[in-house]
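Line order of the protein sequences matches chains Y and C.
For the first sequence, the numbering used here begins at 292 and goes up steadily by one.
For the second sequence, the numbering used here begins at 292 and goes up steadily by one.
Working notes, structure below.
2 protein chains.
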Amino acid sequence: MRSTSRAETFPAHTPAVSQIFTTVLSHGPLTRLEAARRAGLSPAAVTKAVRPLLAAGYLAEDADGEARPALGRPANLVRVDGGRALFIGVKVTGDEVIAVLTDLCCRILLARRLPVTDRAARAVLTSVADLTHELRTEAEDFGAPVLGLGIAVSGDVDRAEGTVRYSPFLDWRDVALAELAAMTTGLPVVVDNDVRALTVAEQWFGAGVGLSDFAVVTVGAGIGCGLVIHGQVVSGAHGVAGEIGHVAIDPAGPLCHCGNRGCVEAIAGDAAIVTRMREVTGRQVADSAAAVALAHEGVPGAREVYARAGEAIGRGIATVANLFGPERVIISGEGLAAYDLFAEQILDSFTAAAFGSAAQSDVQTRPLAFEEWARGAAAAAIQSFITSSPTPTGKG
Amino acid sequence: MRSTSRAETFPAHTPAVSQIFTTVLSHGPLTRLEAARRAGLSPAAVTKAVRPLLAAGYLAEDADGEARPALGRPANLVRVDGGRALFIGVKVTGDEVIAVLTDLCCRILLARRLPVTDRAARAVLTSVADLTHELRTEAEDFGAPVLGLGIAVSGDVDRAEGTVRYSPFLDWRDVALAELAAMTTGLPVVVDNDVRALTVAEQWFGAGVGLSDFAVVTVGAGIGCGLVIHGQVVSGAHGVAGEIGHVAIDPAGPLCHCGNRGCVEAIAGDAAIVTRMREVTGRQVADSAAAVALAHEGVPGAREVYARAGEAIGRGIATVANLFGPERVIISGEGLAAYDLFAEQILDSFTAAAFGSAAQSDVQTRPLAFEEWARGAAAAAIQSFITSSPTPTGKG
DNA sequence: TGGCTTATTTTCCGCTGTCAATAAAAGAAA
DNA sequence: TTTCTTTTATTGACAGCGGAAAATAAGCCA
Chain Y
292 MRSTSRAETF
302 PAHTPAVSQI
312 FTTVLSHGPL
322 TRLEAARRAG
332 LSPAAVTKAV
342 RPLLAAGYLA
352 EDADGEARPA
362 LGRPANLVRV
372 DGGRALFIGV
382 KVTGDEVIAV
392 LTDLCCRILL
402 ARRLPVTDRA
412 ARAVLTSVAD
422 LTHELRTEAE
432 DFGAPVLGLG
442 IAVSGDVDRA
452 EGTVRYSPFL
462 DWRDVALAEL
472 AAMTTGLPVV
482 VDNDVRALTV
492 AEQWFGAGVG
502 LSDFAVVTVG
512 AGIGCGLVIH
522 GQVVSGAHGV
532 AGEIGHVAID
542 PAGPLCHCGN
552 RGCVEAIAGD
562 AAIVTRMREV
572 TGRQVADSAA
582 AVALAHEGVP
592 GAREVYARAG
602 EAIGRGIATV
612 ANLFGPERVI
622 ISGEGLAAYD
632 LFAEQILDSF
642 TAAAFGSAAQ
652 SDVQTRPLAF
662 EEWARGAAAA
672 AIQSFITSSP
682 TPTGKG
Chain C
292 MRSTSRAETF
302 PAHTPAVSQI
312 FTTVLSHGPL
322 TRLEAARRAG
332 LSPAAVTKAV
342 RPLLAAGYLA
352 EDADGEARPA
362 LGRPANLVRV
372 DGGRALFIGV
382 KVTGDEVIAV
392 LTDLCCRILL
402 ARRLPVTDRA
412 ARAVLTSVAD
422 LTHELRTEAE
432 DFGAPVLGLG
442 IAVSGDVDRA
452 EGTVRYSPFL
462 DWRDVALAEL
472 AAMTTGLPVV
482 VDNDVRALTV
492 AEQWFGAGVG
502 LSDFAVVTVG
512 AGIGCGLVIH
522 GQVVSGAHGV
532 AGEIGHVAID
542 PAGPLCHCGN
552 RGCVEAIAGD
562 AAIVTRMREV
572 TGRQVADSAA
582 AVALAHEGVP
592 GAREVYARAG
602 EAIGRGIATV
612 ANLFGPERVI
622 ISGEGLAAYD
632 LFAEQILDSF
642 TAAAFGSAAQ
652 SDVQTRPLAF
662 EEWARGAAAA
672 AIQSFITSSP
682 TPTGKG
């Protein structure tokens with residue numbers, strides 16, 4: 292298999308086609324009539340839009356499932372055929388590369404990990420290529436082509452350019468990752484910031500479906516935040532946004548690596564919790580798992596460390612809510628392993644600090660396995676595949 | 292003149308027409324070619340879009356001004372004929388009603404004020420109607436019709452519905468202001484939150500022209516913030532956004548009327564400054580003008596009060612920048628009378644607290660006469676006039 | 001087998017914006 | 001003065017998108 296027969300493109304020739312497809316993708320099987328209603332189009336337009344997508348195999352028709360209203364012509368449900376195309380998503384951290392194979396509906400089919408021993412871009416790229424190759428080989432069993440690769444990296448990433456401008460954890464600067472990975476793998480590649488990719492996944496396939504304004508807050512080593520406003524992911528004028536971790540909460544708080552005092556991350560980030568846990572309990576605390584254990588054991592003072600972290604997170608979320616009034620806030624992240632230690636304080640301090648109707652925001656939590664980050668990268672790849680115009684408007 | 296011959300509507304029959312008009316409105320006189328480039332349309336489309344607007348008098352053609360490139364056919368500049376239509380903008384505060392008459396380019400032609408003695412909606416409405424009538428009468432001298440009325444009120448305002456849901460300063464709840472004012476004046480009425488209206492004015496006619504992501508921060512009795520993201524003003528899912536005044540900066544700070552401690556407004560709002568000035572200097576301080584005077588006199592401790600306020604504002608702005616990454620932040624408001632006392636601290640603490648590329652945001656200040664608030668309301672009315680579809684899609 | 005109801009498709013049709021060719025308005029060159 | 005060059009504006013043919021309405025399909029129920 293000597294690589295690619297010119298990359299397959301999505302037959303979205305008109306805005307209506309894109310819109311109908313994404314509507315069906317996000318809102319599950321729909322009748323044509325319902326799809327028309329949700330997309331604000333006429334039923335005739337749906338019929339026309341659906342036809343080429345059916346022909347290309349991206350949509351499929353279910354003989355309707357159940358519970359029809361017993362009157363009138365039965366509806367034919369239209370749904371996305373997830374098995375039509377596969378995507379690979381990769382999350383790169385300082386310690387590991389995690390890769391998943393998903394279908395077109397962004398359901399995880401396989402997952403793989405590889406430790407990172409050398410953080411140099413070249414070495415990491417090799418790991419990415421190896422995992423991609425491995426998943427691609429196994430993907431043959433599913434009888435569908437792999438049509439895109441998404442890579443998620445923390446830090447300052449320019450998705451349009453496909454470059455990592457600066458990633459502190461990896462110590463990368465100006466790495467043209469998309470181009471390199473595309474050369475190595477022969478796949479279309481999307482590179483995005485990890486939190487943004489996760490936000491895209493929530494927007495299209497998760498708790499953000501159908502919402503035009505919501506926030507995703509991730510709790511873990513860092514505290515991050517993805518924003519969707521007016522139905523679009525916010526990237527900021529300089530490519531960076533959602534830095535909730537460096538919102539300063541308390542001028543008398545602990546020093547943060549960014550140079551300020553009392554950043555949310557300096558209170559509630561993994562490292563901050565471990566450090567403080569050592570100070571408070573006077574014990575050895577190897578990592579955040581150990582810190583959680585101490586709190587669960589009921590070691591004096593340990594719970595207060597988490598209470599304080601939860602309060603910081605809650606106040607950070609309240610700040611976000613006060614500033615842009617999201618309909619929902621989705622809290623997520625590895626840090627949620629300790630969620631039972633946090634939860635109450637997060638909600639309490641959010642409620643206390645949210646002003647007026649910002650308190651109406653629906654604050655949810657969502658457990659997040661580490662593979663979910665990689666799934667976010669796959670979601671970015673899927674999004675790019677669907678929205679990339681088939682007319683050659685430059686190359687990414 | 293027994294009121295209205297059916298309200299005049301803007302002949303924007305297609306998206307292209309709207310787009311061309313707003314492009315010319317914001318970017319001054321343009322050649323058709325240049326307008327096409329900026330709007331992303333073909334020159335042919337511009338010619339077609341411009342024709343009906345010229346015919347209706349909204350656009351005018353300048354025989355080109357100066358400095359042509361001396362080669363090729365001279366360009367004909369197209370500009371908005373500001374004198375074609377007039378608008379009235381009204382800002383309602385707890386103390387005063389301020390009204391301005393503007394032209395279509397949102398230039399202020401006349402301004403009037405009336406003190407508020409009774410804050411009841413009915414009484415305020417009478418003042419609004421009186422001022423509107425007065426300005427309308429004088430507007431006859433300008434030989435152009437008044438085509439809309441904008442009203443700006445602080446608090447929770449539903450622009451689409453035209454209702455004031457809750458305004459703390461006026462103690463209004465659920466006042467259907469647009470409908471009432473429309474009945475009284477016979478004009479199309481837009482009601483919006485004051486900060487949002489000001490943001491619209493900046494977006495279309497001010498320092499936000501051409502930017503898709505910026506913030507407006509107002510300093511005065513309250514501290515407010517208007518956001519434009521993805522080229523649209525942010526209203527939040529519940530109709531409230533930009534509450535920078537209640538971003539909590541310091542858990543050990545002074546108590547705010549919202550019940551929390553250390554809100555920006557509780558440190559840097561007019562009332563907070565006056566209160567603290569009394570405490571620090573031990574003198575009588577009647578109002579914020581008196582407070583400014585004390586600081587300028589060099590009374591011991593007085594300057595520190597402003598330094599502290601400036602620091603709070605700067606940190607609030609940094610929070611906005613960290614979260615949204617705006618291209619520009621426009622600081623404005625009556626509070627700027629004291630700008631020389633603030634400026635350094637605002638910028639310093641912004642720079643210190645902005646994380647990474649958020650510090651690249653261009654922070655500007657813009658003196659703001661009180662009439663500018665009313666002009667913002669006029670801008671909202673202009674926007675509504677231009678974008679309201681001529682096809683009757685309900686009534687506002 | 002009709003009749004009723006709802007879903008989907010078909011058949012135009014208006015409308016928009018692009019394309020390519022053409023006109024216009026200068027200065028420059030001959 | 002005439003012709004050429006260069007840039008801007010306009011025109012008219014045209015393709016294609018999506019809407020409206022009418023036609024058709026596909027079940028239930030008498």
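Heads up, the beta-carbon is just placed ideally off N, CA and C, and yes, glycines get one too.
Please read these numbers as outputs of a predicted model, since none were measured by experiment.
Suppose the cutoff is 7 Å on Cβ atoms and the five residues either side in sequence are ignored; what does the same chain contact list for residue i look like?
i, result
"residue 476 of chain C", "420, 423 and 440"
"residue 425 of chain Y", "403"
I need the boundaries of the alpha helix (DSSP H) containing residue i, first residue and last residue.
i, result
"residue 589 of chain Y", "Element bounds for residue 589 of chain Y: n/a, residue is neither H nor E."
"residue 428 of chain C", "412-430"
"residue 315 of chain C", "306-317"
"residue 555 of chain C", "555-559"
"residue 303 of chain C", "Premise fails: residue 303 of chain C is in no alpha helix (DSSP H) and is neither H nor E."
"residue 552 of chain C", "It is not in any alpha helix (DSSP H) - residue 552 of chain C carries neither H nor E in the DSSP assignment."
"residue 326 of chain Y", "323-330"
Need the endpoints of the beta strand (DSSP E) that residue i sits in, please.
i, result
"residue 458 of chain C", "454-458"
"residue 448 of chain Y", "447-449"
"residue 464 of chain C", "463-466"
Step through the CB atoms of chain C and report whether any lies within less than 8 Å of the CB of residue i.
i, result
"residue 615 of chain Y", "yes"
"residue 514 of chain Y", "no"
"residue 520 of chain Y", "yes"
"residue 684 of chain Y", "Model confidence at residue 684 of chain Y stands at a pLDDT of 30, short of 50, so the residue's coordinates are unreliable; what they give is reported in the following sentence. Answer no: the Cβ-Cβ gap between residue 684 of chain Y and chain C never drops below 8 Å."
"residue 449 of chain Y", "no"
"residue 655 of chain Y", "no"
"residue 529 of chain Y", "yes"
"residue 674 of chain Y", "no"
"residue 481 of chain Y", "no"
"residue 534 of chain Y", "yes"
"residue 548 of chain Y", "no"
"residue 688 of chain Y", "No answer is possible for residue 688 of chain Y: the residues shown for chain Y start at 292 and end at 687."
"residue 643 of chain Y", "yes"
Using DSSP bridges, identify the partner residues of residue i.
i, result
"residue 571 of chain Y", "Partner(s): none; residue 571 of chain Y has no beta bridge."
"residue 443 of chain C", "C:382 and C:483"
"residue 546 of chain C", "C:552"
"residue 576 of chain Y", "Residue 576 of chain Y pairs with nothing; no bridge assigned."
Cβ of residue i less than 8 Å from any chain Y Cβ?
i, result
"residue 494 of chain C", "no"
"residue 484 of chain C", "no"
"residue 646 of chain C", "yes"
"residue 541 of chain C", "yes"
"residue 551 of chain C", "yes"
"residue 507 of chain C", "no"
"residue 606 of chain C", "yes"
"residue 384 of chain C", "no"
"residue 504 of chain C", "yes"
"residue 537 of chain C", "yes"
If you drop the 5 nearest sequence neighbours on each side, which residues of the same chain put their C-beta closer than 6 Å to that of residue i?
i, result
"residue 330 of chain C", "310, 311 and 314"
"residue 617 of chain C", "504, 505, 506 and 652"
"residue 473 of chain C", "480"
"residue 622 of chain C", "508 and 656"
"residue 637 of chain C", "601, 604 and 605"
"residue 613 of chain Y", "646 and 649"
Which same chain residues end up closer than 8 Å to residue i when comparing Cβ atoms and leaving out the 5 residues on each side of it in sequence?
i, result
"residue 396 of chain C", "316, 371, 373 and 496"
When you measure from the CB of residue i to every non-hydrogen atom of the ligand FMN, does any distance come out below 7 Å?
i, result
"residue 567 of chain C", "The ligand FMN is not part of the structure shown, which contains no ligands of any sort."
- Message: So within the stretch 340-410 of chain C, which uninterrupted beta strand (DSSP E) runs reach at least 3 residues, ignoring any that extend past its ends?
- Response: 350-353, 368-371, 377-383, 387-394 and 399-406
- Query: Enumerated in chain order, which unbroken segments of the beta strand (DSSP E) with a length of 3 residues or greater are wholly contained in the stretch 478-543 of chain C?
  - Reply: 480-484, 505-510 and 514-520
- Item | Length-filtered (3 minimum) beta strand (DSSP E) runs lying within the stretch 599-666 of chain C | 619-623 and 653-657
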